[in-house]
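Protein chains: 4
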Amino acid sequence: MRHTLIPQQYYRTIGTHPIALTIQDGDEVAISCVDAHGIDGNDQAVTLPGNPMSGPIAVTGIIVGDVLAVTFENLVPLRTQGWSYPTLAGNVVDPEYIASVPFAPGSKLPKEYWDLDTAAGVVRSRGTHGMVVTAPYRPMVGCFGVAPARGEAISTATSGQHGGNMDVRFFGVGCTVYLPVAVDGALFYAGDAHFVQGCGEIGGTGVESAMRVDVRLAKAPMQSIAWPRAEDADFLYTVGNARPLDQALQHATSEMHRLLIECGADATSAAVLMSQLIEYNIGNVFDPAFTVVAKIAKQVLSQHGLRSTFR
Amino acid sequence: MRHTLIPQQYYRTIGTHPIALTIQDGDEVAISCVDAHGIDGNDQAVTLPGNPMSGPIAVTGIIVGDVLAVTFENLVPLRTQGWSYPTLAGNVVDPEYIASVPFAPGSKLPKEYWDLDTAAGVVRSRGTHGMVVTAPYRPMVGCFGVAPARGEAISTATSGQHGGNMDVRFFGVGCTVYLPVAVDGALFYAGDAHFVQGCGEIGGTGVESAMRVDVRLAKAPMQSIAWPRAEDADFLYTVGNARPLDQALQHATSEMHRLLIECGADATSAAVLMSQLIEYNIGNVFDPAFTVVAKIAKQVLSQHGLRSTFR
Amino acid sequence: MRHTLIPQQYYRTIGTHPIALTIQDGDEVAISCVDAHGIDGNDQAVTLPGNPMSGPIAVTGIIVGDVLAVTFENLVPLRTQGWSYPTLAGNVVDPEYIASVPFAPGSKLPKEYWDLDTAAGVVRSRGTHGMVVTAPYRPMVGCFGVAPARGEAISTATSGQHGGNMDVRFFGVGCTVYLPVAVDGALFYAGDAHFVQGCGEIGGTGVESAMRVDVRLAKAPMQSIAWPRAEDADFLYTVGNARPLDQALQHATSEMHRLLIECGADATSAAVLMSQLIEYNIGNVFDPAFTVVAKIAKQVLSQHGLRSTFR
Amino acid sequence: MRHTLIPQQYYRTIGTHPIALTIQDGDEVAISCVDAHGIDGNDQAVTLPGNPMSGPIAVTGIIVGDVLAVTFENLVPLRTQGWSYPTLAGNVVDPEYIASVPFAPGSKLPKEYWDLDTAAGVVRSRGTHGMVVTAPYRPMVGCFGVAPARGEAISTATSGQHGGNMDVRFFGVGCTVYLPVAVDGALFYAGDAHFVQGCGEIGGTGVESAMRVDVRLAKAPMQSIAWPRAEDADFLYTVGNARPLDQALQHATSEMHRLLIECGADATSAAVLMSQLIEYNIGNVFDPAFTVVAKIAKQVLSQHGLRSTFR
């Protein structure tokens, strides 16, 4: 079944808030999302800035310890214009280089606006601060997740085992993300969509816009997990969210070892496969918590007689 | 001109050691390299383990402050067999997960041997410790660099501004790596070649073998640099070597901003391009120092009227 | 005025929960606190483990942007026995040393019990796991804080700008801790008291017991602050809570520079004083977030004509 | 026997350089040391800046795997004036706070000069940049160590298992530091003395001066060690040198556990003692490598029937 969620209220934490919509396992929801500053498809500020979330959506029959499969079916822009900040974050450059970065970190910055050219498949900056920059249109969802354990309500500025502001570039159409469920019903939230974004969200913004995020939410045929996992057509992924990056990498790597064992590998063979065939990507490095993604090709898994999908 | 270097002596530090070969700017050298344990193409241990280096090669006319362009022209296996350790390093998994990893970190491990099948373009493990694993043959040079400043002699177990044990997967044929020259003649070293290696060298080894590393060494048309840079057919790269990963990322990101300015961008536009179009890769995360690579597509640069090559 | 708080309900997050007690600015409260496992003075488990908090206490007239002064007037043991775990946390030793640590991290551990000898001023372990260990009785409050901004409810396993599980050894009788107020009324919580604890809480526990925590809560004559500050008879302190330790140290150091300017120093002189006279302590290094404390002697400040107290 | 070393040559790396002086096990040497900028007791620049070292001193009969005991017998100022930089390092404050720090990191700074008043036991800044600051005269040796393994020559800007630029405040008169010997004869170096210094050397300098460093060098009655250890009248110490601070703390903590076992504790009791009675100090946080010191009171050890000295 297909639902629509146009929120009456937005949240800047992911927690156990009053349910906005209840659906059945496997249903699809078209979620209307404002941008990171709370601005909607009509350029109206309808809520406070700071990655306001649409949700929570409860999924009947999904309980604590289950894994929620979030499949991004479609991402539809709700306006043709997005914005970004024309700088780099202070923490992504050397301390002694900060003075060289345009617009001191923390200063009140003027936004750079970008226009979406759907026909050409690109976004173009207006060049207010320098060059007109053209980038491919690669829509993605920056922040989404499920209610965490022990009653926490976690700021949407950060991320954790529950998901959150991971800003992983390929969390877009065709990707399924697996999240560990900590409360009955899972309580899913989404927001902070981008037209495009570089690795790390190192300027603190992608090209931010309001979008409709169409997701299918279902119980995954997967054992209890500690950290988010994902898959698309070609890869299986595991995700660690922490600071420093070293610890995020430890989470993603431990989770990949567990995943490969769940795919049928023995512990040693899983280590050998990972040593020679794993790749890493970097998600958000601007947040309080950073994101590292480990990935392995599905072809590698099937070639070695291992399970390669959970869809 | 083309030279051959078959070392009489190997070094486990990169420093100002007695010159093994002197060449002209732009010459090519076929460098015979033993594997990380000092074992040569005839399976003989000819020097101590620990990433022994072949070199140093002095390049006439290259002086302090210049940039050395190291182009990998060819990588030729000197034997058909390589080896790896069938484990994961203690520092790449969660502390509480270490007990789950096969073969406790630091224990004396039996090696896993792999055979090179050049016709099929793959390497195959012998499955001593579990599954027979097949991986693509993607030869690369794990450790190379130039003599550092102030008379330092830096262990080949680690990396720094001078290069060193970076273990970047795409530092192979067709890639040009740019290194900051700290002593006259540059004093180039290479070794620690791999048949294949996953991101991070998270087991502490790629598939280690003796190889002939054919490089062309030339002065680059590039201003003084702080950290290694690189390019291949499709991308420009910058490299940071440090621990934690966060600092390696800061080095790579600062260097990318400087590089884009050298390519013709103003400081703000460089920041905008990076925010929306950069990608990161992770090199060695097993060393004392870790490696992060920032990359940007050459096509992006030329499309915006910027310089896109230094070859 | 003096109040008593014996909670009907405990919380494992610090957030905007229903107010348990409302007091006037400057009032004192005797707060009954269970131990980290929810066990009270009669050895009864009255709530779930995980640093359950007593509170929240609202202070009339204190509003967002104010600073709350929390003075620990007295700490009274509610039983004569405490407990700890006889191990070291996995993250405080080298990864390759973890196998050497007794009781693998994450394993189900038997507790070590300790008896309080008030006359001798010591606590003594029962030696179940080895030696009988005697340590001085130095009671302190491991976890306390005020409701954070934007509606967050932060787990009492961690710490932040709001305070939380800082485990600073000298947060005991005679110490005043200053916390940034993010919601009207401040909403103060406390719990997780220790009979004694080493720097870092590196075993994951101090000697845990139920205690009565007597605090005076008042508005501090201090400008808006970003991170906790503190003072006792001899020192002014600033506190950073983050991971890695490097970032916690950055927070504490930045806050100390702001504090010294508030005490009357110019920015340069503040830097000179800090360079030559500051000391650092380490609080919790077991949590998701770590704690670093910067301190400077009050005598140094008064000797240089600077303000040296905010009490 | 007592020797004098007035160097003809200084080194900015600690490595296997030509021996400047050979002594017997247990001999004392009065080592003339220039300041961190190579300026001697007559205000003459006699060598390049960058922590130039006096040495190496070879100790007959000390071999690889031994432990060298370095006892600081006396520190004698060679001039009555010292200098420092009036700023804070970029990496010790929050990235967004860097703009608030006087004198941008990396800028060419004017020095602040300080005068030593031996009678009063203080040093006084001249107040060129702000207040006249008075600090106690607490002389210490910032950088010293022994030649590292595998032929490395390590910059005196950093630190490691061999010692180096640790900048620990209490490495002064009355302290014995234990260093792991990696080459026969140990090859000891010293320099970079300070009249006083705050924890962390967070401005990048203590009060830098030329000093005579009187040391006794002897073989310690101690098993092979991985990281520096130390003792003074009241405490035993272990030292970790690495970045980030978290890793330096891991080294110091693992070494303390090994030390307590060498003092006679079983592994579990060592963990219990450490959990409740250890303290941490922070050394250099300005270097490429940071320093964390773990300490435990000798009284605690003797009270529990454990060895408490290696002198």
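Chains as they are written, first to last, in our numbering: chain H, 34 to 344; chain E, 34 to 344; chain X, 34 to 344; chain A, 34 to 344.
C-beta atoms are modelled at their ideal positions from N, C-alpha and C, and glycine is treated no differently.
* Asked: In three-state terms, what does DSSP make of Ile-52 (chain H)?
  -> Translated into positions along the first sequence, residue 52 (chain H) becomes position 19. Note: Ile-52 (chain H) maps to coil in three-state DSSP.
* In whole angstroms, what separates the C-alpha of Arg-249 (chain H) from that of His-36 (chain H)? -> The sequence position of residue 249 (chain H) within the first sequence is 216, counting from 1. The sequence position of residue 36 (chain H) within the first sequence is 3, counting from 1. Going from the Cα of Arg-249 (chain H) to the Cα of His-36 (chain H) covers about 10 Å.
* Asked: What is the residue span of the beta strand (DSSP E) that Arg-202 (chain A) lies within?
  -> Position 169 of the fourth sequence, counting from 1, holds the residue named residue 202 (chain A). First-last for Arg-202 (chain A): undefined, no H or E at that position.
* Pro-128 (chain H) at chain X interface by Cβ criterion, 7 Å -> For the purposes of this step, residue 128 (chain H) is taken as residue 95 along the first sequence, with counting starting at 1. No - not a single Cβ of chain X is within 7 Å of the one on Pro-128 (chain H).
* How big is the Cα-Cα spacing for Glu-295 (chain E) and Lys-331 (chain H)? -> Along the second sequence, one-based indexing puts residue 295 (chain E) at 262. Along the first sequence, one-based indexing puts residue 331 (chain H) at 298. The straight-line gap from Cα to Cα measures roughly 40 Å.
* Going along chain H, which residues have a C-beta under 7 Å from Thr-286 (chain X)? -> Locating residue 286 (chain X) in the third sequence gives position 253, where the first residue counts as 1. Near Thr-286 (chain X) there are no residues of chain H at all, since even the closest Cβ is about 12 Å away, more than 7 Å.
* Got a sec, what are the start and stop residues for the alpha helix (DSSP H) Trp-281 (chain E) sits in? -> What you label residue 281 (chain E) is simply residue 248 of the second sequence in a count that begins at 1. Trp is not the amino acid found at residue 281 (chain E); the sequence shown has Ala there. First-last of the alpha helix (DSSP H) with Ala-281 (chain E): 278–295.
* Asked: Rounded to whole angstroms, how far is the Cβ of Arg-183 (chain H) from the Cβ of Ser-188 (chain X), which I believe are closer than 8 Å?
  -> Residue 183 (chain H) sits at position 150 when you count from the first residue of the first sequence. Residue 188 (chain X) sits at position 155 when you count from the first residue of the third sequence. Between Ser-188 (chain X) and Arg-183 (chain H) the Cβ distance is about 6 Å, and since that is below 8 Å, they are a contact.
* Taking 7 Å as the CB-CB limit, is Gly-123 (chain X) close to chain E? -> Residue numbering aside, residue 123 (chain X) sits at position 90 when the third sequence is read from its first letter. True, the Cβ-Cβ gap to chain E drops below 7 Å.
* Asked: Can you name the residues of chain X whose CB is closer than 8 Å to the CB of Ile-64 (chain E)?
  -> Here residue 64 (chain E) is taken as the residue at index 31 of the second sequence, counted from 1. In chain order: nothing, as chain X lies at least about 33 Å away.
* To do: Mind listing the chain E neighbours of Pro-277 (chain X)? Cutoff is C-beta to C-beta under 7 Å, in chain order.
  => Taking the first residue of the third sequence as 1, we reach residue 277 (chain X) at position 244. Chain E residues near Pro-277 (chain X): Pro-277.
* Asked: Relative to the alpha-carbon of Val-206 (chain H), which residue among H:Val-179, H:Leu-54, H:Leu-108 and H:Asp-320 has its alpha-carbon at the smallest distance?
  -> As a first step, residue 206 (chain H) is located in the first sequence; it is residue number 173 there, counting from the start. Of H:Val-179, H:Leu-54, H:Leu-108 and H:Asp-320, the residue nearest in Cα terms is H:Leu-108.
* Taking Cβ-Cβ distances below 8 Å as the criterion, which residues of the segment 36–59 of chain H are in contact with chain X? -> Tyr-44, Arg-45, Thr-46 and Gly-48
* Asked: Can a CB atom of chain X be found closer than 7 Å to the CB of Ser-257 (chain H)?
  -> In the first sequence, the residue the question calls residue 257 (chain H) occupies position 224. Judged by the 7 Å Cβ criterion, Ser-257 (chain H) is not in contact with chain X.
* Asked: Taking buried to mean at least 16 other C-beta atoms within 10 Å of its own C-beta, is Gly-163 (chain H) buried or exposed?
  -> Locating residue 163 (chain H) in the first sequence gives position 130, where the first residue counts as 1. It counts as buried.
* Run down chain E in chain order and give the residues with a C-beta less than 8 Å from the C-beta of Met-307 (chain H). => Translated into the one-based positions of the first sequence, residue 307 (chain H) becomes position 274. Within chain E, the residues near Met-307 (chain H) are Leu-121, Gly-231, Ile-235 and Gly-236.
* If we cut at 7 Å on Cβ distances, does Gly-297 (chain H) have a partner in chain E? -> Position 264 of the first sequence holds residue 297 (chain H). For Gly-297 (chain H), the answer is no, since every Cβ of chain E falls outside 7 Å of its Cβ.
* Those runs of the beta strand (DSSP E) which lie wholly inside the segment 78–115 of chain A and span at least 3 residues -> 87–93 and 100–110
* With a threshold of 16 other CB atoms inside 10 Å of the CB of Asp-99 (chain X), please say whether the residue is buried or exposed. => Taking the first residue of the third sequence as position 1, residue 99 (chain X) is located at position 66. Classification of Asp-99 (chain X): buried, given that the 10 Å Cβ count is 16 or more.
* **From A:Met-34, A:Tyr-43 and A:Glu-61, residue whose alpha carbon lies closest to that of Leu-246 (chain A)** => Position 213 of the fourth sequence, counted from the start, is the residue given in the question as residue 246 (chain A). Looking at the sequence itself, residue 246 (chain A) is Val, so the reference to Leu does not match. Taking only the C-alpha atoms, the option nearest Val-246 (chain A) is A:Glu-61.
* Would you say Ala-69 (chain E) reaches chain A, if we count a Cβ-Cβ gap shorter than 7 Å as a contact? -> Residue numbering aside, residue 69 (chain E) sits at position 36 when the second sequence is read from its first letter. Chain A contact via Cβ: absent.
* Asked: CB-CB under 7 Å to Thr-80 (chain H), same chain, minus the five flanking residues each way: which ones, in chain order?
  -> In the first sequence, counting from the first residue as 1, residue 80 (chain H) sits at position 47. The residues are Tyr-43, Val-67 and Gly-71.
* Asked: With 16 as the cutoff for other CB atoms within 10 Å, does Arg-344 (chain H) come out buried or exposed?
  -> The count along the first sequence starts at 1 and reaches residue 344 (chain H) at position 311. By the neighbour-count rule (16 or more Cβ atoms within 10 Å), Arg-344 (chain H) is not buried but exposed.
* Excluding five sequence neighbours on each side, which residues of the same chain lie with their C-beta closer than 8 Å to the C-beta of Arg-202 (chain H)? -> Locating residue 202 (chain H) in the first sequence gives position 169, counting from the first residue. Only Arg-171, Met-173, Gln-230, Gly-231, Cys-232, Asn-314 and Gly-316 meet the Cβ criterion.
* In three-state DSSP terms, what is Lys-331 (chain X)? -> In the third sequence, residue 331 (chain X) corresponds to position 298, counting from 1. It is helical.
* To do: Spatial neighbours of Tyr-270 (chain X) within its chain, please: CB distance less than 6 Å, with the 5 preceding and 5 following residues excluded, ordered by chain position.
  => Your numbering for residue 270 (chain X) matches position 237 in the third sequence. Result list for Tyr-270 (chain X): Ala-263, Val-326 and Lys-328, in chain order.
* Whole-angstrom distance between His-284 (chain E) and Leu-121 (chain A), CA atom to CA atom -> Looking up residue 121 (chain A) in the fourth sequence gives position 88. Looking up residue 284 (chain E) in the second sequence gives position 251. The alpha-carbon atoms of Leu-121 (chain A) and His-284 (chain E) are separated by roughly 20 Å.
* Taking C-beta pairs closer than 7 Å, name the residues in chain H that Thr-301 (chain E) reaches, listed in chain order. => Position 268 of the second sequence holds residue 301 (chain E). Ordered by position in chain H, the residues that pass the 7 Å Cβ test against Thr-301 (chain E) are Pro-119, Pro-135, His-162 and Gly-163.
* So, is the C-beta of Glu-312 (chain A) closer than 7 Å to a C-beta in chain X? -> By one-based count along the fourth sequence, residue 312 (chain A) stands at place 279. It does; some Cβ of chain X falls within 7 Å.
* Return the chain-ordered list of same chain residues with a C-beta closer than 7 Å to the C-beta of Leu-267 (chain A), the five sequence neighbours on each side being excluded. => Locating residue 267 (chain A) in the fourth sequence gives position 234, counting from the first residue. Correcting the residue type first, residue 267 (chain A) is Asp in the shown sequence and not Leu. Excluding sequence neighbours, Asp-267 (chain A) sits near Ala-330 and Lys-331.
* Asked: Going by C-alpha distance, which of H:Pro-51, H:Ala-300 and H:Pro-321 is nearest Pro-135 (chain E)?
  -> For the purposes of this step, residue 135 (chain E) is taken as residue 102 along the second sequence, with counting starting at 1. Among H:Pro-51, H:Ala-300 and H:Pro-321, the Cα nearest to that of Pro-135 (chain E) belongs to H:Ala-300.
* Asked: With C-beta atoms as the reference, is Arg-322 (chain A) less than 7 Å away from Ser-192 (chain A)?
  -> Start at 1 with the first residue of the fourth sequence, and residue 322 (chain A) comes out as number 289. Start at 1 with the first residue of the fourth sequence, and residue 192 (chain A) comes out as number 159. The question names Arg, yet the displayed sequence has Ala at residue 322 (chain A). Against a cut-off of 7 Å, the Cβ pair of Ser-192 (chain A) and Ala-322 (chain A) comes out as a contact.
* chain H beta carbons: is any one of them nearer than 7 Å to that of His-166 (chain E)? -> Here residue 166 (chain E) refers to the residue found at position 133 when the second sequence is read from its first residue. Sequence inspection shows Val at residue 166 (chain E); the His mentioned does not correspond to that position. So yes, Val-166 (chain E) belongs to the interface.
* Asked: When you compare each of X:Lys-144, X:Val-333 and X:Leu-212 to Glu-312 (chain X) by their alpha carbons, which one comes out closest?
  -> In the third sequence, the residue the question calls residue 312 (chain X) occupies position 279. When only C-alpha atoms are compared, the closest one is X:Val-333.
* Tell me, to the nearest whole angstrom, how far the beta carbon of Gly-123 (chain X) is from that of Glu-145 (chain E); I am working on the premise that it is less than 8 Å. => Start at 1 with the first residue of the third sequence, and residue 123 (chain X) comes out as number 90. Start at 1 with the first residue of the second sequence, and residue 145 (chain E) comes out as number 112. Wrong, their Cβ atoms sit about 27 Å apart, outside the cutoff.
* Asked: Rounded C-beta distance between Ala-186 (chain H) and Gly-48 (chain X)? I'm assuming under 8 Å.
  -> Mapped onto the first sequence, residue 186 (chain H) falls at position 153. Mapped onto the third sequence, residue 48 (chain X) falls at position 15. Sure, about 6 Å apart at Cβ, within 8 Å.
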